Amino acid sequence: MTTYKTATSRDVRARGRRLSKVRTLLTAYGFLLPNLLGFLIFTFLPVLAALLISFTNWDLLQAAEWVGFANYRRLATDPLFHTVLWNTVVYVLGTVPVQMAISLLVAMALSRRLPGLLFFRTVYFMPVVASTVAVALVWRWIFHADFGLLNSFLYLIGVDNPPMWLSSTRWALSAIIIMSIWQQIGFSMVLFLAGLQAVPSHLYEAAKIDGANGWHRFRFITVPMLSSTTFFVLVISIINSFQVFEQAFVMTQGGPANATNTLVFNIYRYAFQFFQMGYAAAMAWVLFAIIFAITLVQFRMQRQWVTYD
Amino acid sequence: MTDGDARLEPATRVSKNRRERVGDILLAVVLLPTALIMLMPFIWMLSTSLKSVGAVFEFPPTFIPNPVHWDNYRRLFEVLPFARFFLNSLIVATAVTGLHITSSALAAYAFARMHFPGRDALFLGYLATLMIPAQVVIIPNFILLRYLGWIDTYQALILPAAFNAFGTFLLRQYFLTIPYELEDAAVVDGANHFQIFLRVILPLSGPALSALAIFTFLFNWNSFLYPLIVTSSTEMSTLTVGLNTLQGQYNTAWTLLMAGSVIALLPVLVVFIFAQRYFIKGITMTGLGGR
Numbered sequence: 097m098t099t100y101k102t103a104t105s106r107d108v109r110a111r112g113r114r115l116s117k118v119r120t121l122l123t124a125y126g127f128l129l130p131n132l133l134g135f136l137i138f139t140f141l142p143v144l145a146a147l148l149i150s151f152t153n154w155d156l157l158q159a160a161e162w163v164g165f166a167n168y169r170r171l172a173t174d175p176l177f178h179t180v181l182w183n184t185v186v187y188v189l190g191t192v193p194v195q196m197a198i199s200l201l202v203a204m205a206l207s208r209r210l211p212g213l214l215f216f217r218t219v220y221f222m223p224v225v226a227s228t229v230a231v232a233l234v235w236r237w238i239f240h241a242d243f244g245l246l247n248s249f250l251y252l253i254g255v256d257n258p259p260m261w262l263s264s265t266r267w268a269l270s271a272i273i274i275m276s277i278w279q280q281i282g283f284s285m286v287l288f289l290a291g292l293q294a295v296p297s298h299l300y301e302a303a304k305i306d307g308a309n310g311w312h313r314f315r316f317i318t319v320p321m322l323s324s325t326t327f328f329v330l331v332i333s334i335i336n337s338f339q340v341f342e343q344a345f346v347m348t349q350g351g352p353a354n355a356t357n358t359l360v361f362n363i364y365r366y367a368f369q370f371f372q373m374g375y376a377a378a379m380a381w382v383l384f385a386i387i388f389a390i391t392l393v394q395f396r397m398q399r400q401w402v403t404y405d
Numbered sequence: 014m015t016d017g018d019a020r021l022e023p024a025t026r027v028s029k030n031r032r033e034r035v036g037d038i039l040l041a042v043v044l045l046p047t048a049l050i051m052l053m054p055f056i057w058m059l060s061t062s063l064k065s066v067g068a069v070f071e072f073p074p075t076f077i078p079n080p081v082h083w084d085n086y087r088r089l090f091e092v093l094p095f096a097r098f099f100l101n102s103l104i105v106a107t108a109v110t111g112l113h114i115t116s117s118a119l120a121a122y123a124f125a126r127m128h129f130p131g132r133d134a135l136f137l138g139y140l141a142t143l144m145i146p147a148q149v150v151i152i153p154n155f156i157l158l159r160y161l162g163w164i165d166t167y168q169a170l171i172l173p174a175a176f177n178a179f180g181t182f183l184l185r186q187y188f189l190t191i192p193y194e195l196e197d198a199a200v201v202d203g204a205n206h207f208q209i210f211l212r213v214i215l216p217l218s219g220p221a222l223s224a225l226a227i228f229t230f231l232f233n234w235n236s237f238l239y240p241l242i243v244t245s246s247t248e249m250s251t252l253t254v255g256l257n258t259l260q261g262q263y264n265t266a267w268t269l270l271m272a273g274s275v276i277a278l279l280p281v282l283v284v285f286i287f288a289q290r291y292f293i294k295g296i297t298m299t300g301l302g303g304r
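Set out below in structure tokens:
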């Protein structure tokens with residue numbers, strides 16, 4: 097039945113193609129045109145242009161000057177760029193593992209079908225849909241050194257000299273990391289929840305009968321069965337975290353003393369405050385190279401630890 | 014992801030007590046404290062936005078404002094045109110979503126359901142841009158918009174944001190999964206591609222289309238870097254850019270800043286609470302939404 101129907105469909109399609117190849121071509125490009133035009137102008141050509149711009153000095157006032165790899169060489173010796181790169185790496189390393197651990201824990205707790213599941217899921221997920229600018233503002237207020245909620249709480253429980261948070265070179269990046277963990281938990285949690293629901297419950301029952309304890313069931317069933325979800329969450333979280341911008345912009349403007357200056361914030365400053373388009377474009381390509389390399393390495397490594405059943 | 018399942022699954026009789034105890038411990042140790050921490054910034058935002066300027070600096074801090082200062086919100090709309098910001102965000106997010114969905118669905122149909130010369134090469138071009146971060150594209154786009162004299166216009170806020178490879182890619186993958194048998198009847202009746210697209214493919218793609226719509230809207234409602242760069246006047250600012258202007262002018266006026274944040278968050282949170290399942294489905298389907 098099904099084969100017969102497919103054959104009909106293919107026949108009709110094939111005859112149509114033979115009759116008017118040109119018409120099909122025109123129809124296809126008719127479908128494509130609105131998107132293709134916009135895509136070419138606002139995405140594809142800009143990507144190529146960005147590559148060219150990164151080989152120039154261009155302040156938008158005078159004509160662009162071709163400088164070859166000079167911008168990339170400058171990046172290699174620019175101490176500010178190294179600071180920025182280091183800050184971004186610290187941010188990623190501080191955010192991603194903690195965020196993933198907490199969200200896995202929460203997802204496992206929620207997958208037990210407790211009362212109020214819907215309430216908890218809503219609460220954990222709210223920061224994900226919230227505008228980062230708006231929540232960064234309230235976190236700036238929470239981290240206020242003298243009157244902030246956090247330090248008031250720390251005073252109350254007897255901490256005499258709580259950190260100055262956003263105004264301290266030592267703590268500012270940690271503050272942004274804490275805020276970002278808070279914001280990202282819900283996203284990973286939802287993916288982990290979906291992954292956990294796909295684990296067949298008979299595996300746990302069989303393990304129970306065999307006398308496996310809770311830790312063993314987690315280590316030998318949950319972890320391997322969840323490895324492809326974990327892999328996905330890890331890749332997406334790292335890619336997103338490397339592009340951190342709004343927190344630095346709203347909470348600290350990259351300060352104090354560049355303590356929270358991140359890659360994208362630095363790109364923004366060079367492009368749209370200093371108007372060094374070429375240098376900023378070169379930085380943007382380094383960001384792409386980093387993201388691309390990490391994703392590639394992760395895809396290579398997944399063979400060793402991701403199990404698909 | 015089914016919310017009602019808790020009722021369907023009776024706890025295993027044998028270990029009911031133990032399961033309940035583990036559940037209680039989880040609830041008490043993990044979920045309740047973390048949920049409180051997760052909610053705290055929102056509560057604190059709302060609470061501050063309703064306090065008097067003096068009450069903001071009280072120690073120990075209080076959560077219930079007394080008396081309630083609604084006039085913070087009135088002042089907010091006086092110092093900056095927040096109604097206009099709101100309208101701008103609404104116009105931009107709606108237009109971008111409409112354009113992105115419509116044009117992506119059409120292109121995705123051609124890529125998924127038609128055979129034509131150049132198809133695979135073109136699609137490769139789309140794919141190649143998927144991994145490139147937005148920050149790479151933003152510099153040439155800014156230069157282009159400046160050259161066109163479009164800075165500080167709606168078309169600058171809308172057009173570049175509406176066209177990227179994501180929607181086309183997502184919908185193409187979805188359209189590929191729709192069996193060809195379903196369009197047989199239409200083909201035999203002599204339907205053309207546009208009719209098949211409209212009457213067969215689109216009605217079957219509800220989940221993918223709604224997920225894409227929700228996230229395109231949300232992303233553009235919350236978008237900051239891009240509108241910050243392509244607008245220069247207060248009148249053309251979106252809500253996020255307006256909030257930043259507010260912070261620039263009233264850097265420590267916490268009651269005003271928090272009132273502004275509440276205004277920016279409220280519509281999204283309300284929509285989210287009512288349309289939660291679509292958000293959640295959308296995330297698991299597309300992997301979108303994490304920033």
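Protein chains in written order, with the working numbering: chain A, 97 to 405; chain B, 14 to 304. Glycine is no exception: its CB is placed at the ideal position from the N, C-alpha and C atoms. Model, not experiment: these values are computed from the prediction.
Candidates the options: closest to residue i by CA position
i: Gln293 (chain A); options: A:Phe368, A:Ala203, A:Arg119; result: A:Ala203
i: Pro211 (chain A); options: B:Leu39, B:His128, B:Phe210, B:Ser223; result: B:Leu39
i: Ile334 (chain A); options: A:Gln394, A:Pro142, A:Leu206; result: A:Gln394
i: Asp155 (chain A); options: A:Tyr220, A:Trp162, A:Phe371; result: A:Phe371
i: Thr139 (chain A); options: B:Leu140, B:Gly131, B:Thr166; result: B:Leu140
i: Pro146 (chain B); options: B:Leu135, B:Phe179, B:Met51, B:Thr251; result: B:Phe179
i: Arg365 (chain A); options: A:Phe135, A:Phe177, A:Leu141; result: A:Phe177
i: Gly111 (chain B); options: B:Val284, B:Phe228, B:Ile50, B:Gln262; result: B:Phe228
i: Leu409 (chain A); options: B:Thr258, B:Asn101, B:Thr297, B:Asn85; result: With chain A running from 97 to 405 in the structure shown, residue 409 (chain A) is simply not present.
i: Tyr291 (chain B); options: B:Tyr239, B:Pro173, B:Ser223; result: B:Ser223
i: Ile156 (chain B); options: A:Ala367, A:Met397, A:Thr403, A:Tyr125; result: A:Ala367
i: Leu136 (chain A); options: B:Thr142, B:Val42, B:Leu44; result: B:Thr142
For residue i, the three-state DSSP class (helix, strand or coil)
i: Lys101 (chain A); result: Any answer about Lys101 (chain A) is weak, because its pLDDT of 49 lies below 50 and its placement is not dependable; what the coordinates show is given next. DSSP places Lys101 (chain A) in helix when its eight states are reduced to three.
i: Trp162 (chain A); result: strand
i: Asn205 (chain B); result: coil
i: Asn153 (chain A); result: strand
i: Tyr288 (chain B); result: One detail in the question is off: residue 288 (chain B) reads as Ala in this sequence, not Tyr. Three-state DSSP puts Ala288 (chain B) in coil, outside helix and strand.
i: Lys294 (chain B); result: helix
i: Gln372 (chain A); result: coil
i: Gly131 (chain B); result: coil
i: Ala353 (chain A); result: coil
i: Ile77 (chain B); result: coil
i: Asp16 (chain B); result: For Asp16 (chain B), the pLDDT reaches just 42, beneath the cut-off of 50, and the residue's location in the model is therefore unreliable, although a value from the coordinates is still provided. Three-state result, Asp16 (chain B): coil.
i: Arg88 (chain B); result: helix
i: Gly111 (chain B); result: helix
i: Asn336 (chain A); result: helix
i: Ala226 (chain A); result: coil
Through-space distance from residue j to residue i, alpha-carbon basis
i: Ser274 (chain B); j: Trp57 (chain B); result: 11 Å
i: Arg304 (chain B); j: Gln279 (chain A); result: Note on Arg304 (chain B): pLDDT 40, under 50, position unreliable in the model; the coordinate value appears next. Going from the Cα of Arg304 (chain B) to the Cα of Gln279 (chain A) covers about 8 Å.
i: Leu133 (chain A); j: Ile242 (chain B); result: 23 Å
i: Gln208 (chain B); j: Phe99 (chain B); result: 38 Å
i: Leu157 (chain A); j: Ile363 (chain A); result: 19 Å
i: Ala166 (chain A); j: Phe345 (chain A); result: 28 Å
i: Ala241 (chain A); j: Met260 (chain A); result: 5 Å
i: Thr247 (chain B); j: Leu158 (chain B); result: 18 Å
i: Pro130 (chain A); j: Ala120 (chain B); result: 8 Å
i: Ile164 (chain B); j: Ser245 (chain B); result: 7 Å
i: Glu342 (chain A); j: Tyr187 (chain A); result: 13 Å
i: Thr99 (chain A); j: Leu195 (chain B); result: Note that Thr99 (chain A) has pLDDT 45, beneath the 50 cutoff, so the model's placement of it is unreliable and the number below is only indicative. Rounded to whole angstroms, Thr99 (chain A) to Leu195 (chain B) spans 13 Å at the Cα level.
i: Leu170 (chain B); j: Ser297 (chain A); result: 49 Å
i: Phe285 (chain B); j: Met222 (chain A); result: 8 Å
Cut-off 6 Å between Cβ atoms - residues of its own chain near residue i, not counting five sequence neighbours on either side
i: Ile387 (chain A); result: Ile335, Phe338
i: Gly244 (chain A); result: Ile238
8 Å CB neighbourhood of residue i in its chain, flanking five on each side removed
i: Gln260 (chain B); result: Leu270
i: Ser218 (chain B); result: Ala118, Leu184, Tyr187, Phe188, Ile191
i: Thr15 (chain B); result: For Thr15 (chain B), the pLDDT reaches just 41, beneath the cut-off of 50, and the residue's location in the model is therefore unreliable, leaving the point undetermined.
Close beta carbons around residue i, own chain, < 7 Å, minus the five adjacent residues each side
i: Ser199 (chain A); result: Ile281, Ser284, Met285, Phe288
i: Leu262 (chain A); result: Arg236, Phe239, Ala268, Ala271, Met347, Thr348
i: Val331 (chain A); result: Thr391, Gln394
Check: Name the residues in the region 293-305 of chain A whose C-beta lies less than 8 Å from a C-beta of chain B; which are they?
Finding: Cβ proximity to chain B below 8 Å picks out Gln293 from the region 293-305 of chain A.
Item checked: Residues of the region 361-387 of chain A with Cβ closer than 8 Å to any Cβ of chain B, in chain order -> For the region 361-387 of chain A, which is checked against every Cβ of chain B, the residues closer than 8 Å are Ile363, Tyr364, Ala367, Phe368, Met373, Ala376, Ala377, Ala380, Trp381, Leu383, Phe384, Ile387.
Check: Using a beta-carbon distance cut-off of less than 9 Å, what residues from the region 216-231 of chain A approach chain B?
Finding: Answer set for the region 216-231 of chain A: Phe216, Arg217, Thr218, Val219, Tyr220, Phe221, Met222, Pro223, Val224, Val225, Ala226, Ser227, Thr228, Val229, Ala230, Val231.
Margin query: Against chain D, which members of the region 236-270 of chain B pass a CB distance test of less than 7 Å?
Written below: No chain D appears in this structure, whose protein chains are A and B.
Next item on the list: Give the residues from the region 125-144 of chain A that approach chain B closer than 9 Å (Cβ to any Cβ), ordered along the chain.
Entry: Result list: Tyr125, Gly126, Phe127, Leu128, Leu129, Pro130, Asn131, Leu132, Leu133, Gly134, Phe135, Leu136, Ile137, Phe138, Thr139, Phe140, Leu141, Pro142, Val143, Leu144.
Note to self: Please list, in chain order, the residues of the region 76-97 of chain B that have any C-beta partner in chain A closer than 8 Å.
What the structure shows: The region 76-97 of chain B vs chain A, Cβ under 8 Å: nothing.
Notebook entry, point to check: Of all the residues that make up the region 207-228 of chain B, which are near chain A by a beta-carbon distance shorter than 9 Å?
Noted result: Flagged, chain order: Phe207, Phe210.
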